[in-house]
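Q:
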Amino acid sequence: MRFGVPQFNDDIKGWAVNLTRYLVQSASKLVFKVTGASAAENGVILWDDANGYPVVSKGGEWRQIVLEDGQFMGSITTNQTAAVVNTAYPLTYTSSYASGITNGTPASRLVFEEAGQYMISFSAQIASASSSTVSFWFWPRVNGTDIAGSTMISALHTNNATLVVGRSSIFEISAGDYLEFMWAVDNTSGSLSAVAATAFAPAAPASAISITRIHG
């Protein structure tokens with residue numbers, strides 16, 4: 002049953018309740034996208050119930066309107082060491098916030114629920130306990146495959162030296178894909194260092210990652 006616009010009267014509380022009910026029932030809702038819906042005219046917004054998100058017509062096709070789904074913020078708060086030199090090890094992140102991205106099995110895998118383009122920002126705090134040069138490698142894998150041309154290489158030359166390295170890149174991800182960040186070192190004196198909080202500064206993670214979906 003739909004109500005007409007309630008007429009104002011002396012019962013202000015009752016009128017306010019009826020007005021709220023009318024506004025809720027009259028609120029505009031997206032029309033559902035049906036099979037064969039034309040995207041010939043730009044700017045038409047529909048609800049794609051099959052995929053669970055709104056779409057807009059642009060350039061003759063339906064384009065997803067990205068909702069907030071698809072975010073992950075994680076860190077590693079313990080030191081990371083390598084048992085063997087020149088060997089790839091995955092990094093396992095504990096999330097402080099996640100939506101549409103979860104730790105898989107093993108937990109180093111970050112699994113994406115929805116497809117899209119994702120901005121991924123990575124950082125690591127490298128440390129050396131050697132006076133010799135220590136080199137570090139970092140790179141991403143998607144579904145167990147190394148991403149070509151993606152490796153970061155950095156080196157420390159001094160005992161007790163530390164340095165934060167990082168990079169941001171855009172990744173094309175399909176629903177169900179998983180991402181891992183790998184690292185390796187050519188000297189076991191090299192590690193990823195997590196530093197405890199001090200009286201004047203908060204703790205520093207050994208590594209951190211931030212993921213945001215920017216396009217559907």
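In our numbering, each number is its position in the sequence shown, counted from 1, plus 1.
Just so you know, even glycine gets a beta-carbon here, dropped at the ideal spot from N, CA and C.
For residue 10, which of helix, strand or coil comes out of DSSP?
A: Residue 10: coil per DSSP, three-state reduction.
Q: Assuming residue 180 contacts residue 111 under a Cβ cut-off of 8 Å, what Cβ separation, rounded to an integer in Å, is found between them?
A: With 8 Å as the limit, residue 180 and residue 111 qualify as a contact, their Cβ atoms being about 5 Å apart.
Q: Ignore the nearest five residues each way along the sequence and tell me which others in residue 40's own chain have a CB closer than 7 Å to its CB.
A: For residue 40, where only same-chain residues beyond five positions count, the Cβ hits under 7 Å are 58, 61, 62, 63.
Q: Can you grab the Cα-Cα spacing for the pair residue 164 / residue 157, in whole Å?
A: The alpha-carbon atoms of residue 164 and residue 157 are separated by roughly 8 Å.
Q: Residue 71 and residue 121 look like a contact to me (Cβ under 8 Å); what is the Cβ gap, rounded to whole Å?
A: With a Cβ gap of about 11 Å, residue 71 and residue 121 do not count as contacting.
Q: With distance defined between alpha-carbon atoms, name the residue in 184, 104, 127, 34 nearest to residue 49.
A: When only C-alpha atoms are compared, the closest one is 34.
Q: Mind checking which residues open and close the beta strand (DSSP E) that includes residue 168?
A: Residue 168 -> beta strand (DSSP E) spans 163-174.
Q: Taking the alpha carbon of residue 142 as the reference point, which residue from 135, 32, 150 has its own alpha carbon closest?
A: Here the closest residue by C-alpha is 150.
Q: Just reading off the beta strand (DSSP E) that residue 94 is part of, what are its end residues?
A: Per DSSP, residue 94 belongs to no beta strand (DSSP E) and is neither H nor E.
Q: May I have the straight-line CA-CA distance separating residue 77 from residue 175, to the nearest angstrom?
A: Going from the Cα of residue 77 to the Cα of residue 175 covers about 26 Å.
Q: Taking one C-beta from the segment 182-189 and one from the segment 84-100 each time, how about it: are there three or more such pairs within less than 8 Å?
A: Yes: at least three Cβ pairs fall under 8 Å.
Q: Measuring only the C-alpha atoms, how far is residue 190 from residue 55?
A: If you take the alpha carbons of residue 190 and residue 55, they lie about 52 Å apart.
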